[in-house]
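>
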Amino acid sequence: HLLLPDRLGSRFMTGDPVPLLALLSSNRPLNAQVEAVVTGPDGSETRVRLHDDGQHHDDQAGDGLYTGVFTRVTRAEVVNSQEEGQQGTKPNDEGGYRVRVVATHEKFQREALGSFSVLEGADADRNGLPDSYERRHNIKDPKSDDDLDRLTALDEYRVGTDPNNSDTDSGGEHDGSELEHGQDPLAPDDDQIVAPSFFTAAPGVKEVQLHYDVRKEYSQIAVYRSLSSTGPWILRQAELPLNGWYADPAQNGTPYFYRLTAVDRKEHWTAVIGSEPVTPSDDPLPPESQILINRGARFTMDPEVSLSFIPYDEEGKEQLAAFQDISEVILSNEPHFGSAKWQALKQNLAWQLNPETPAGTFAKVYGRFKDSSGNESVGTEVAMILYRPPALTLHIRMVPQGAELSWECIGGVGRYVLEYSPTLGPRAKWQALSEEMDCSGEKGLSFIDSTVPSRNPRFYRLRLVQ
């Protein structure tokens, strides 16, 4: 079954993307290949792959609903009044599109036919681009090339590509290059070059350090720069070094944006990829530090801990420089930081681990840093420590010889001591009744305290020794 706008009660204009839906019935997922061929009013054909993977507005994967989007909705023909010489409002031009959908499976092939029509969209400034298309893609000038794929916005409208995405079909080659070579910019299967796998820009002192992927088929790599994420883009280098690194001169304190594309010897250009914004400065190094819990202890029996901070051990002066000027830290027991606030960095900082950390698991502390120049950490530092709080149980019963005590320590590691006091409270004076003992999970030996006063109370406790 083919579901087109007329079946869905929708109306579209030129410049609008039109959804194509096909329902392939079965009692189980078919994994069929489904493709639509749309014929426009001018006889041009456009192939659209339909998907049933749950990622193309097709509900659940494998449910038999296949969807795709037809974007080359650019043609409308003149519609004459029904009666010659009749006075009245001139009808909108309208374009008819025929759709043929073929589902191919190893055991069958099915076909469905349909059609839909669109009205001509309003074009208030008469620049060839429908107003709705300009709003959707934020286009100010039909001659602009915001995605640097060598196609103007008007070109992209006419061929159905995205004016804000240099590689509409995500095949690796940019749209303009595909059209120049007679390929289909809406189908990834015919792309002839692979896009760079990475491109990064790092701040330096009066420069930006560019690192980029250099594949063996690349004969030339070009880089563009702008002071805004939306352009205008200026060609900085038409031929970057093919060693994967370049230092671009820049002004301190100014944010820069970069885009990069490569070409092979057959003039196939890659998709244009961008970097994060970067700002050169006198201190371009982001702060880095390790976080130690209890000076790097393997475990803790107490959620009350201390945090200390040390530089990374990697060789080179940069790691030490990235640590020495840290002025603030933000800490949390959760990765999203919640309501945590920045505080001055100091060593042996008192901290409470998450009290709900299950015994025998790792408690985590998350931290980010800020230096005296205002630079912040690139990522989040994570410190971990094994939380092993022992479960101590003390049993007391009176016998003729005095107070008989027995105890056990379960689920922890460490040492403990048996103590007594004649009073409770913050001023209680506890005295040891035993030597320090290991928490081995075994029941302690019975102990009889024969010095218990006959008429005065005596209190006992087991105290953990870290």
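Per my numbering, residue 130 is the first one in the sequence shown, and the count goes up by one each step. Ideal Cβ positions, reconstructed from N, Cα and C, are used throughout, including at glycine. Remember, it's a predicted structure, so these values are computed and weren't measured experimentally.
(1) Whole-angstrom Cβ separation of Y286 and L258, contact assumed at under 8 Å?
(2) I'd like the list of long-range same chain contacts for R279, defined as Cβ closer than 7 Å, with 5 residues on each side in sequence excluded.
(3) When the Cα atoms are used, what is the spatial distance from K335 to S357?
(4) So is K499 buried or exposed if we call it buried at 16+ other beta carbons inside 10 Å?
(5) Going by the DSSP bridge assignment, what does P148 pair with across the sheet?
(6) Using 8 Å as the cut-off, can you tell me whether the region 524-541 makes contact with the region 579-589, which would need three or more C-beta pairs spanning the two stretches below that distance?
(7) For G599, which option in A400, D181, A205, P378 has the closest C-alpha, if you only look at C-alpha atoms?
(8) So, is E417 buried or exposed, given that buried needs 16 or more other C-beta atoms within 10 angstroms?
(9) To the nearest angstrom, how far is the alpha carbon of V511 from that of N462?
(10) P370 to D454, Cα distance in whole Å?
(11) Alpha carbon to alpha carbon, how far is F245 from A330?
(12) Threshold first: 3 residues or longer. Then list the beta strand (DSSP E) segments lying entirely within the region 352-395, N to C.
(13) Exposed or buried, M513, counting other C-beta atoms within 10 Å across all chains shown (16 or more means buried)?
(14) Taking only three categories from DSSP, how would you classify Y347?
(15) Could you tell me the alpha carbon to alpha carbon distance between H340 and D284, rounded to whole angstroms?
(16) For Y516, write down the residues that DSSP places opposite it in a beta bridge.
(17) Kindly indicate the opening and closing residues of the alpha helix (DSSP H) around V288.
(18) Helix, strand or coil: which one does DSSP assign to E565?
(19) So does the region 365-381 actually touch the region 418-426, counting three or more Cβ pairs closer than 8 Å?
(20) Go ahead and pull the three-state DSSP assignment for D318.
(21) Could you tell me the boundaries of the alpha helix (DSSP H) in which H613 lies?
(22) Just to check my reading of the structure: Y545 and L515 have Cβ atoms closer than 8 Å, yes? What is that Cβ distance to the nearest angstrom?
(23) Taking the alpha helix (DSSP H) that R265 falls in, what are its first and last residues?
(24) On a CA-only basis, which of W480, M566, Y385 is nearest Q338? Give me that one, please.
(25) Specify the secondary structure class of G531 as computed by DSSP and reduced to three states.
(26) Is it true that the CB of R354 sits closer than 9 Å to the CB of L277?
(27) Using CA coordinates, which residue listed in Q349, G360, Q184, V594 is at the minimum distance from A367?
(28) Relative to the C-alpha of E457, which candidate in R176, P415, L482 has its C-alpha closest?
(29) Spatial neighbours of W536 within its chain, please: C-beta separation below 8 Å, excluding the five flanking residues on both sides.
(30) Residues in its own chain within less than 7 Å of N477 by CB, not counting five upstream and five downstream?
(31) Going by the DSSP bridge assignment, what does Y545 pair with across the sheet?
(32) Could you check whether G197 and A165 sit closer than 9 Å to each other, using their CB atoms as the reference points?
(33) If you reduce the DSSP assignment to three classes, tell me which class S306 lands in.
(34) The beta strand (DSSP E) that contains A241, what's its start and end?
(35) Hey, could you find the ends of the beta strand (DSSP E) D578 is sitting in?
(36) Let's test the definition: count the other Cβ atoms within 10 Å of the Cβ of P361 and tell me whether it reaches 16, buried, or not, exposed.
To lay it out plainly:
(1) 6 Å
(2) G305
(3) 18 Å
(4) buried
(5) V198
(6) yes
(7) Here the chain comprises residues numbered 130 to 595, so residue 599 is not present and cannot be evaluated.
(8) buried
(9) 10 Å
(10) 34 Å
(11) 47 Å
(12) 363-366, 374-378, 386-392
(13) exposed
(14) coil
(15) 32 Å
(16) T429, T490
(17) 282-288
(18) coil
(19) no
(20) helix
(21) Since the first residue of the chain shown is 130 and the last is 595, residue 613 is not available in this structure.
(22) So it is not a contact: roughly 18 Å between Cβ atoms.
(23) 260-266
(24) Y385
(25) strand
(26) no
(27) Q349
(28) P415
(29) L521, T522, L523, H524, L547, K572, G573, L591
(30) S435, S437
(31) M566, L593
(32) yes
(33) helix
(34) 237-248
(35) 576-578
(36) exposed
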